[in-house]
Amino acid sequence: MTIHLAQHYGMCFGVRDALRSTHHAAAQEPVTTLGQLVHNPVVDAHLQTLGVQRGDLDHVGSATTRRVVITAHGASDGHRLRWQQAGHQITDTTCPLVTKAHQALASLVEEGYHPVIIGQRTHVEVRGLLGDHPEASVLLSPEDACCIPSHHRLGVISQTTQPLDQVLRVVEAVKKQHPASEVRFMDTVCRPTKQRQTALEDLARQCEFIVVIGGRNSNNTRQLTDKARALGVQAQQVETAADLQPEWFRQVTHVGVTAGTSTLDETVRAVMDRLQSLSAA
Ligand code: SF4
């Protein structure tokens, strides 16, 4: 069995920086992250060993420490204000590309567009965007385009970790459903997400089976798994090397490996090592 590693995979700069800032803050004083810092159980377990506590962004009072950490997924200005007014010091690890999405939506609203977000309504990043613009419409699939209220100008952005091809399909559906409206799309899908999606397409051309490494509740990891399957390749998502099942690979000659943007390098290495030993066996 030949093992191929994707050209772009694993942890992005936004997650790396968020982890670095949280480690630094935790070395100075007790800290609480307002939600899951990154959607990865291996990282969670490590943060616990450092004494980092977990609170809830929506519930001021869920943190007993003075210092709180806003996660890489960002938050609304209202959230920031409420935590500050309650006397907390904030370490803000919002990824600059999430901030860019907030700025894009704000500029569209300022120019008189009705705000439209392509993404998952329940995802923490989208909830942050909705906190700033509660009137925004949230769409996940082309079928949702009919739910937007009629408005002469529609300003569309995307959750940073949605696959660009899916996002473009939704934008086209919005244009089709609202032919009288001016539809302006600002592409806020982040570059690491695009690179991992494109690298997956290359991998799918070479392999019959793809292993996707990342947390089960990581949006971009799930999107990689879904895309591999949509490309006609068998795919399994694993959180650690221990999740690999030898029977998956019985008939496989080329296996591909990729990982979501919150996956640690050491987890990828452990999966590669286990695949090498399965191959040798
Ligand atoms: S996935 Fe993209 S938006 Fe999210 S932290 Fe990484 S670089 Fe930033």
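Residues in the sequence shown are numbered from 940 upward in steps of one, following our numbering. Virtual Cβ for every residue (Gly too), placed ideally from N, Cα, C.
- Per DSSP, T1206 is one residue of the alpha helix (DSSP H) stretching across 1204-1219.
- About 18 Å separates the Cβ atoms of V981 and H1012, ruling out a contact at the 8 Å cut-off.
- Taking C-beta atoms as the reference points, V954 and T961 fail to come closer than 8 Å.
- Of the other Cβ atoms in all chains shown, fewer than 16 fall within 10 Å of the Cβ of N1156; this residue is therefore exposed.
- Setting aside the 5 residues that flank it on each side, L1170 is surrounded in the same chain by A1143, each with a C-beta closer than 6 Å to its C-beta; the list follows chain order.
- The region 1021-1082 contains, as complete alpha helix (DSSP H) runs of 4+ residues, the segments 1035-1049, 1063-1071 (chain order).
- Rounded to the nearest angstrom, the gap between the Cα atoms of T1202 and N979 is 7 Å.
- Per DSSP, S960 is one residue of the alpha helix (DSSP H) stretching across 952-967.
- The closest heavy atom of the ligand SF4 lies less than 7 Å from the beta carbon of G953.
- Apart from sequence neighbours up to five positions away, the residues of its chain that approach Q992 with a beta-carbon distance below 6 Å are T971, ordered along the chain.
- Ranked by Cα distance from E1178, the first of V1194, S1080, G949, Q1023 is G949.
- Approximately 18 Å separates the beta-carbon atoms of H947 and Q1105; this is outside 8 Å, ruling out the contact.
- For H985, no beta strand (DSSP E) encloses it; the enclosing alpha helix (DSSP H) starts and ends at 980-988.
- Relative to the ligand SF4, the beta carbon of L1217 is positioned no closer than 7 Å to any heavy atom.
- Taking a cut-off of 8 Å for Cβ pairs, the region 998-1012 and the region 1025-1035 touch, as three or more such pairs fall below it.
- For the 8 Å CB-CB criterion, R1006 and E1049 do not form a contact.
- Looking at the backbone, the Cα of H1072 and that of Q1215 are separated by about 49 Å.
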